[in-house]
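Numbered as in the working numbering, the sequence shown ends at 982 without a single skipped number. All residues carry an ideal CB built from backbone N, CA and C; glycine is no exception. One structure below.
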Amino acid sequence: MRLARLIRHLCAALLLLIPLATAHGAGATAGASSEAGYVFISHAGVSDPFWKIPFRGARDAAKELGVPLTILAPEQVNDYSRQVELLQQAIKQQPLGIATTLSDPHGFSTALMEAKRAGIPVIVFNARPQNDDRIVNPYLAYIGMDDYKAGQAMARSVLQRTEPEGHVLIAVQQAGHAGLEARFAGIVQQLGTRGIEVARLNVGDQGGADAEVRFRDYLKANPGLTTVISLGPESAHPIGRVIKRGGLKLFFASFDLSPLTSRMIKDGIISFTIDQQPYMQGYLSVQMLRLAARYKMIPPDINTGIGVVDANNLEQVEALAKAHIR
Numbered sequence: 657m658r659l660a661r662l663i664r665h666l667c668a669a670l671l672l673l674i675p676l677a678t679a680h681g682a683g684a685t686a687g688a689s690s691e692a693g694y695v696f697i698s699h700a701g702v703s704d705p706f707w708k709i710p711f712r713g714a715r716d717a718a719k720e721l722g723v724p725l726t727i728l729a730p731e732q733v734n735d736y737s738r739q740v741e742l743l744q745q746a747i748k749q750q751p752l753g754i755a756t757t758l759s760d761p762h763g764f765s766t767a768l769m770e771a772k773r774a775g776i777p778v779i780v781f782n783a784r785p786q787n788d789d790r791i792v793n794p795y796l797a798y799i800g801m802d803d804y805k806a807g808q809a810m811a812r813s814v815l816q817r818t819e820p821e822g823h824v825l826i827a828v829q830q831a832g833h834a835g836l837e838a839r840f841a842g843i844v845q846q847l848g849t850r851g852i853e854v855a856r857l858n859v860g861d862q863g864g865a866d867a868e869v870r871f872r873d874y875l876k877a878n879p880g881l882t883t884v885i886s887l888g889p890e891s892a893h894p895i896g897r898v899i900k901r902g903g904l905k906l907f908f909a910s911f912d913l914s915p916l917t918s919r920m921i922k923d924g925i926i927s928f929t930i931d932q933q934p935y936m937q938g939y940l941s942v943q944m945l946r947l948a949a950r951y952k953m954i955p956p957d958i959n960t961g962i963g964v965v966d967a968n969n970l971e972q973v974e975a976l977a978k979a980h981i982r
C-alpha cells in the first residue's frame with residue numbers, strides 16, 4: 657500500500673513537468689484524477705501558436721499553487737466531439753476542477769451537466785457562445801474576452817485608421833468556432849453602421865500554404881481590395897507572408913499576439929492587433945478553480961480584453977510575446 661501511494665504521488669508530481677498532454681491514448685487522461693488535481697481542456701493544441709500562451713499561464717498558476725495540472729486537447733483543431741470525449745473522461749476520474757473552452761453551443765451540455773451533478777467545479781475560458789445559456793451549459797464563470805464586443809472594437813479601430821475602399825475582407829480560421837464567429841458578427845455589425853460591406857474568406861484550420869493560396873486567389877479575383885482583417889494568428893501569419901512577399905499595399909489588422917504577429921507589426925505589415933490576454937485566461941482559470949474547489953467560492957466572470965497593440969506600444973509587449981506571456 658505504501659509503495660502504491662508513493663507511486664501515485666510521484667506520478668502526480670511528474671505531471672507538473674509535462675508541457676502538454678495531447679489526446680493520444682490513455683496517457684492523455686492518466687493524470688485526470690483526484691490525485692492529479694485540475695484538468696485544462698482546449699479545442700486546439702500547440703500546433704496553433706496562440707495556445708502556447710494560455711497553456712503557459714495555466715502551468716505557471718499550477719506551479720505557483722503547488723497543484724498538479726493536466727492539459728488536454730484533441731489531435732485535430734476544432735474536433736469538438738473529441739474534446740467532449742476528453743471532458744467526459746476527465747469527469748469520470750473526479751478531478752478537483754476542470755477548465756474548458758466552450759466553442760460549440762450544443763455539444764457540451766450533457767457533459768457539463770454531468771460535471772455539475774458530480775460536484776466538479778467547471779470554468780469556461782477563452783471561448784463561449786455569444787448568447788450562452790448556463791442552464792443548458794452549466795459552469796461557474798467565464799474567463800476571456802467578449803468576442804462580439806471585440807469585433808465591434810476592431811471595426812471602430814480600423815475606421816479610425818483607414819477609409820476602406822469597397823468591401824472589407826475578413827479572413828476566418830476555424831470556421832464555426834463560437835468565439836471567432838462572434839468576432840466576425842461584431843465586425844459586420846459595426847461596419848454595417850457605416851454602410852461598408854464585408855466579404856468572408858475561410859482559410860482553413862492549419863494556417864499554412866493552403867491559406868496563402870486561398871488568399872492569393874482572392875486577391876486575383878478582387879484586385880481592388882484595400883482592407884483585410886484576420887481573426888487570429890492562424891489566418892494572420894499566411895496573409896502577412898503573402899503581403900510581404902508581394903510588396904502589397906493593404907491595410908491589415910488582426911486579433912491576438914504571437915511572436916510573428918509582433919514582428920509583422922514592427923515591419924509595418926500589420927497595423928495593429930487586438931489582444932485578449934490569453935495568459936491571463938489560463939492563469940486565472942487555474943487560480944479560480946483552486947478557490948472554488950478548496951473554499952467553495954463562486955468565481956466571477958472576468959473580461960480579459962480588449963487591448964490594442966500597435967507600433968506605439970509594441971516594445972512594451974514584444975519580449976513577453978516571445979516568451980508566450982502576451
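Distance from the CA atom of H893 to the CA atom of T917, rounded to whole angstroms, is 7 Å. If you keep only unbroken alpha helix (DSSP H) runs of at least 4 residues inside the segment 865-901, you get 865-877.
With a cutoff of 7 Å on beta-carbon distance, Y694 and L752 are scored as near each other.
DSSP, reduced to helix, strand and coil, places F764 outside both helices and strands of the structure shown, so it counts as coil. In the structure shown, the three-state DSSP call for T849 is coil. Of the residues E868, E890, V844, T849, the one whose Cα lies closest to the Cα of A855 is V844.
Under a 10 Å Cβ-count criterion, R982 is classified as buried, with 16 or more other Cβ atoms of the shown protein chains found around its own Cβ. In the DSSP assignment, R817 falls within the alpha helix (DSSP H) that extends over 803-817. Burial state of I799 is buried, judged by a 10 Å Cβ sphere holding 16 or more other Cβ atoms. I926 sits away from S941, with the two beta carbons spaced by 7 Å or more. Looking at the DSSP output, D931 sits in a beta bridge with G963.
At a Cβ-Cβ threshold of 7 Å, D704 and E837 do not count as neighbours. Partner residues in a beta bridge of F706, as assigned by DSSP, do not exist. Linking L825 to G864 through their CA atoms gives a straight-line distance of about 19 Å. Collapsing the DSSP output to three states places A855 in a strand.
Membership of A977 in the alpha helix (DSSP H) is indicated by the continuous run 970-978.
Put simply, the backbone Cα of M944 is about 11 Å away from that of A714. Between the C-alpha atoms of I754 and A797 there is a straight-line separation of about 12 Å.
Secondary structure note for V740: its alpha helix (DSSP H) is the uninterrupted segment 736-748. Secondary structure at L721: helix, using DSSP grouped into helix, strand and coil. Ranked by Cα distance from A827, the first of A877, F840, L913, F696 is F840.
Between the beta-carbon of H980 and that of I697 there is about 19 Å, and that puts the pair past the 8 Å contact cut. Here D802 really is in contact with G961; their C-beta atoms are around 7 Å apart, less than 8 Å. Annotation: the continuous beta strand (DSSP E) that includes T756 extends over 753-756. Out of R850, M769, G963, I852, the CA that lies nearest to the CA of L913 is found in G963. Straight through space, the alpha carbons of Q933 and D789 are spaced by roughly 24 Å. Here the alpha carbons of Q846 and S813 stand approximately 11 Å from one another. Put simply, the segment 757-767 touches the segment 777-788. At least three CB pairs are less than 8 Å apart. The C-beta of V898 has 16 or more other C-beta atoms within 10 Å across all chains shown, which makes the residue buried. Counting along the chain, S918 sits inside no beta strand (DSSP E); it lies in the alpha helix (DSSP H) bounded by residues 915-922. Closest option to D931, judged by alpha-carbon separation, among R919, P879, K876, M810: M810. A direct Cα-to-Cα measurement between R870 and E720 gives close to 44 Å.
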